[in-house]
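S.K.: Residue 266 in our numbering sits at position 245 of the sequence shown, and the numbers go up by one each step.
Heads up, the beta-carbon is just placed ideally off N, CA and C, and yes, glycines get one too.
This is the structure, below, for whatever I ask next.
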Amino acid sequence: MERPAWAPRGIDISVPSVSRIYDFYLGGSHNFEVDREAARRAMEFMPGLPKIMQANRAFMRRAVRFAAAEGITQFLDIGSGIPTFGSVHEVARAVSPEARVMYVDHDPVAVAHSQAVLAGDQHADVLAADLRKPREILDSPQVRALIDQNRPVALLLVAILHFVEDTDDPYAAVAELRDALAPGSLLVLTHASYEGIPLSPERAEGTVDVYKGIRNPLVMRSREAVARFFEGYDMVEPGLVPMPQWRPETAPEDEDAYSFSGFAGVGRKA
């Protein structure tokens, strides 16, 4: 398999990557045949996966615009993935030109491509780090140089927590990040769930098995379990809802049924 120029040396391009699969769902070009094959296998069980990912991305952009309109100028996007059109720094700066954005991802392709996109940008950077080690993120010199943790921050955990198993205690990681944030900070979150999927749980489980097979377990959580991530936050209206129902810019009923799978919400730290 030929290695393209954008693929860093040292990564195993024979193994699928969640970031590159997500890029494929969004119509991106930074993925390999091994990623596309994994995506196609998952879509055999859940053919609406691209619709879900598009709804997820659309929510992220609405939430970033909301945060910027609320006066937040600092964004910490953990599990940011491979940059695509309408990334956080682009959306935020359309509202607040002085916005600062720190992207965090553990995928080498996502980090390398982010570095290329952000080259020369004094107010945006990318850190190679893992959500499961929040202290390493918070104490990173890169983060401290860009993000003033004494001022409100929009913390984005978009489509990332369902890749953290309960044995890694995602609730503790989110709580540690919350405790480091200044009052007025926002948590922007989406999470996969069986609730709302227009399929039987048994059929949807086939998609979960595909992700297990590529060493990226997908953990579907109930609405109640997802709501626990917002402990210590006051929910912003309309609360924790299917992604298209969070402050939609088009009528939610016009959306594909698959796009209602999973939950989205924004919380404000008191």
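Can you tell me whether Pro265 is buried or exposed? The criterion is at least 16 other CB atoms within 10 Å of its CB, across all chains shown.
M.R.: Working through the sequence shown from its first residue, we reach residue 265 at position 244. Counting Cβ neighbours within 10 Å, Pro265 comes out buried, since at least 16 surround it.
S.K.: Going by CA-CA distance only, name the one from Pro263, Gly288 and Ser101 that's closest to Asp277.
M.R.: Sequence index remark: in the sequence shown, residue 277 carries index 256 (1-based). Asp277 has its Cα closest to that of Pro263, out of Pro263, Gly288 and Ser101.
S.K.: Return the residue from the list Arg61, Leu148, Asp44 and Arg289 that minimises the CA-CA distance to Ala176.
M.R.: Mapped onto the sequence shown, residue 176 falls at position 155. The sequence shown places Leu at residue 176, rather than the Ala named in the question. Closest by alpha carbon: Arg289.
S.K.: Closer than 8 angstroms is the cut-off here; do at least three beta carbon pairs connect the segment 70-88 with the segment 169-188?
M.R.: As far as the Cβ criterion goes, the segment 70-88 touches the segment 169-188, which means the pair count is three or higher.
S.K.: Is the beta carbon of Ala246 less than 7 angstroms from the beta carbon of Met67?
M.R.: Along the sequence shown, one-based indexing puts residue 246 at 225. Along the sequence shown, one-based indexing puts residue 67 at 46. The beta carbons of Ala246 and Met67 sit no closer together than 7 angstroms.
S.K.: Among Gly69, Leu47, Ile73 and His51, which residue has its Cα nearest to the Cα of His212?
M.R.: Counting from 1 along the sequence shown, the entry for residue 212 is found at position 191. Closest by C-alpha distance to His212, out of Gly69, Leu47, Ile73 and His51, is Ile73.
S.K.: Answer with buried or exposed for Val36, where buried requires no fewer than 16 other C-beta atoms within 10 angstroms of its C-beta.
M.R.: Taking the sequence shown and counting its residues from 1, the one referred to as residue 36 is at position 15. Val36 should be labelled exposed.
S.K.: Name the one or two DSSP bridge partners that Gln95 has.
M.R.: Taking the sequence shown and counting its residues from 1, the one referred to as residue 95 is at position 74. In DSSP, Gln95 forms a bridge with Arg121.
S.K.: At a cut of 8 angstroms, does the segment 81-90 reach the segment 44-64 through at least three beta carbon pairs?
M.R.: no
S.K.: Smallest Cα separation from Met123: which of Glu111, Trp267 and Ala291?
M.R.: Counting from one through the sequence shown, the residue named residue 123 turns up at place 102. Nearest of Glu111, Trp267 and Ala291 to Met123, Cα basis: Glu111.
S.K.: What residue range is occupied by the uninterrupted beta strand (DSSP E) comprising Tyr215?
M.R.: Taking the sequence shown and counting its residues from 1, one reaches residue 215 at position 194. First-last for Tyr215: undefined, no H or E at that position.
S.K.: Suppose contacts are defined by Cβ-Cβ distances below 7 angstroms. Is Ala10 in contact with Leu207 by that definition?
M.R.: Examination of residue 10 is not possible in this model, given that the chain is present from 22 through 291 alone.
S.K.: Between Asp44 and Ile93, is the Cβ-Cβ spacing less than 7 angstroms?
M.R.: Your numbering for residue 44 matches position 23 in the sequence shown. Your numbering for residue 93 matches position 72 in the sequence shown. No.
S.K.: Nearest by alpha-carbon distance to Gly283: which of Phe53, Ala248, Asp187 and Gly100 is it?
M.R.: For the purposes of this step, residue 283 is taken as the residue at position 262 of the sequence shown. The residue from Phe53, Ala248, Asp187 and Gly100 with its alpha-carbon nearest to that of Gly283 is Ala248.
S.K.: Between Tyr279 and chain C, is any beta-carbon pair separated by less than 7 angstroms?
M.R.: This model lacks chain C altogether, as it is built from one protein chain only.
S.K.: Smallest Cα separation from Tyr19: which of Asp98, Ile235 and Ser243?
M.R.: Nothing in the structure corresponds to residue 19, since the chain is present only between 22 and 291.
S.K.: For Ala175, report the span of its beta strand (DSSP E) as first-last.
M.R.: Here the question's residue 175 lines up with position 154 in the sequence shown. Ala175 to Val179 is the extent of the beta strand (DSSP E) around Ala175.
S.K.: DSSP state of Met256, grouped into three classes?
M.R.: For the purposes of this step, residue 256 is taken as residue 235 along the sequence shown, with counting starting at 1. Residue state, collapsed to three classes: strand.
S.K.: Would Val132 and Ala149 be called neighbours here (beta carbons separated by less than 7 angstroms)?
M.R.: The sequence position of residue 132 within the sequence shown is 111, counting from 1. The sequence position of residue 149 within the sequence shown is 128, counting from 1. A contact, by the Cβ cut-off of 7 angstroms.
S.K.: Please return the same chain residues whose Cβ sits closer than 8 angstroms to the Cβ of His51, not counting the five positions on each side in sequence.
M.R.: In the sequence shown, the residue the question calls residue 51 occupies position 30. Same-chain partners within the cutoff: Trp27, Arg41, Asp44, Ile103, Val130 and His134.
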